[in-house]
Every structure is written in C-alpha cells, then in structure tokens.
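Which chain is which? The protein sequence lines are A and B, in order.
For the first sequence, this note's numbering begins at 484 and goes up steadily by one.
For the second sequence, this note's numbering begins at 484 and goes up steadily by one.
Glycine included, every Cβ here is placed at the ideal spot set by N, Cα and C.
There are 2 protein chains.
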Amino acid sequence: MSNTDLRKAGLKVTVPRLKILELLENSAEKHVSAEDIYKALMGSGDEVGLATVYRVLTQFEAAGLVNRHNFEGGQSVFELADDKHHDHIVCVKCNKVEEFVDDVIEQRQDAIAEKMGFEITDHALNIFGICKDCRKA
Amino acid sequence: MSNTDLRKAGLKVTVPRLKILELLENSAEKHVSAEDIYKALMGSGDEVGLATVYRVLTQFEAAGLVNRHNFEGGQSVFELADDKHHDHIVCVKCNKVEEFVDDVIEQRQDAIAEKMGFEITDHALNIFGICKDCRKA
DNA sequence: CTTAATGCAAACCGTTTGCATAGAT
DNA sequence: ATCTATGCAAACGGTTTGCATTAAG
C-alpha cells in the first residue's frame, strides 16, 4: 500500500498524493505527463490543481518514487520508479514508449565514462523510431 | 567557405547568419546554447537579436548544418553538424560536453529497434556524470 | 494547535511569432 | 523592385512560486 511509501518519504498522506500515486500505478500507459494526470483527475470528484500535480511529482521524484524523462523539447514524462534501470524507445508518430535493457550497452557505457574520466551519475539512452503499428498506417 | 553553404541551403547571406556560423566554427566549446551565441555576439559592433539567433539556428538545423540537443530540461544546445554521428557525455557540474562513439552500442541499438518492430529514425545516448576536473573540486 | 499541503493566479524561462523596417539579390 | 531577414516586443507553453486557505498529525 502506497500509504507507507508516502510516510517513508516524509510526506503527509493526502488525497492528491494518493490519487496521483494510484493513477501512476494503474494507468494503461506507464509514461505520463503532468497534464495527462491532471486531465485524468479532472472529473474525479476531488479535483487536483495542475500546480499540485507538478509539486507532488517533483516530491515523488526527490523521494525516488518516480522518474522524470525529457524525451524531446516538449513536456516531461513521469513513470513510477522501477526496481531496475531501463532505457526507452519512443515512437515519433504516436509517442508510445517502450522499455528495454541491454547489458552489453550498460557495460560499454561504464567503460566509456571511466575511460573519459567521468564519475557516472546517470545516463539516458533514447531510441526514436516508428513503431510497428504506425508503420502500417 | 560558409558563404556557399548558406546559398546551398536557400538562405540569403546576411551578417547575422555569417556571424553565427563563424561562432559555431570557432568557439572553444563546440556545444553552445542560443543564449551563449547571443551573449558572445553582444559586444560585436553589429548586435544580433535573440529572436534572430533562434531563427537562424532553426533554419540551420532544417538545412542540416547544425544539430540541436536537449540534454536536460533546460535550454537547447547546438553544434555544427558533424560528418559522423556521435553521442555525448555531459558533466552535471560544469556542463562541459564531450563526444564519443561506440560501434558496439550502435549495433546493439539497431538490433534492439529491429527486435521491437521499430524503424529507427534517431537515437540519443547521453551519459551524465562528473568530469575529472570537477571531481577534484 | 502546529506545521505542511492545496488551489489559484501570477511569475518564470526558454522559445516562437507578428509586424513594421532594413537588407539581399 | 521584390522578396526575404531582422529587431523588437508581445505571445506562448510548460513549469514554478507566493500567498491565503485548508487539512494532516
């Protein structure tokens, strides 16, 4: 139950936070924008302001509950923090996002960073392309 | 000479465009933001408006003279289009950008895209870390 | 009761755009 | 002379923030 996750993060358990967590857990598309969340919550009795959505997502990110991605210029996309790291492949037509992991690539990255004298803090590999569905159309 | 590059791109040869091209060619740091360019041009007799810098960079990008990157949320970064593709490793402290290429990673990416049914259009691998210099401090 | 969270509207920041003027061909 | 490029200031879109109000502990 997410209730404890929130407490652990030092955050009070409030309706907006619970709703957003729940939405992140249950949404069909794992990768959602702040506005997606805002709209999804719109009709739901207790509405949540867009500013609050952003604040909550930022706090969740700080708490490690959520990861934020900036795939292209536009808006940020959030996903529930996974146990394990993964990279993304994004359809440039329909914006669908899928995930993948490749151990060889991971290792090469570490090797490159080390060779170049960097202490690696993070990395993002994004492949852009046209997905199977969109290629048919 | 860049004069012909501009003509080839169907762009009139103007002072702002030449200055920006020149700056991209000669700047110590290959990866610069629009504002970097704007500021660098500030004191230079013929000043160039920030809007023009953006317009010119956008045109250069369309013409394939320049590549634009969105490393993190902030502002875009531009570099003269290289003959050959490369990826980036960015220092999160000083924002220095270095380049690298790794054939193994390139191949794996193609394989992954194919396996997932994507027709790859582009990809961006960005490693973030702390560079040698910044680690000393 | 105390302290943190929310909603709203206003501020922000990088980027884009409309429009009248200046410049290239 | 024509048609594109520039500069300025205003608009934009996503995100953040100040402040008074409301709710959690």
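| Item | Value |
| --- | --- |
| Proximity winner among A/D616, A/K615, A/I503, relative to A/E544 (alpha-carbon distances) | A/I503 |
| is_contact[B/N550, chain A] using C-beta, thresh 7 Å | no |
| Backbone secondary structure at B/N486 - three-state DSSP | helix |
| Cβ-based burial, B/Q558 [other Cβ within 10 Å; buried from 16] | exposed |
| Proximal chain A residues relative to B/N578, where beta-carbon distance stays under 9 Å | The contacting residues do not exist; B/N578 stays about 13 Å from chain A at best. |
| Sheet register partners of B/N609 (DSSP bridge) | A/A607, B/H571 |
| Extent of the continuous beta strand (DSSP E) run through A/L563 | 560-563 |
| Endpoints, beta strand (DSSP E) assigned at B/V549 | 549-552 |
| Cβ neighbours of A/E562 in the same chain (closer than 6 Å, five flanking residues each side left out) | K513, H514, N550 |
| Residue(s) in a DSSP beta bridge with B/F543 | In the DSSP output, where bridge partners are listed per residue, B/F543 has none listed. |
| Contact the segment 531-538 of chain B vs the segment 581-597 of chain B: 3+ CB pairs below 8 Å | no |
| C-beta atoms of B/A564 and B/L540 nearer than 7 Å | no |
| Limits of the unbroken alpha helix (DSSP H) element including A/V587 | 586-598 |
| Residue from A/I613, A/E555, A/F601 with nearest C-alpha to B/C577 | A/F601 |
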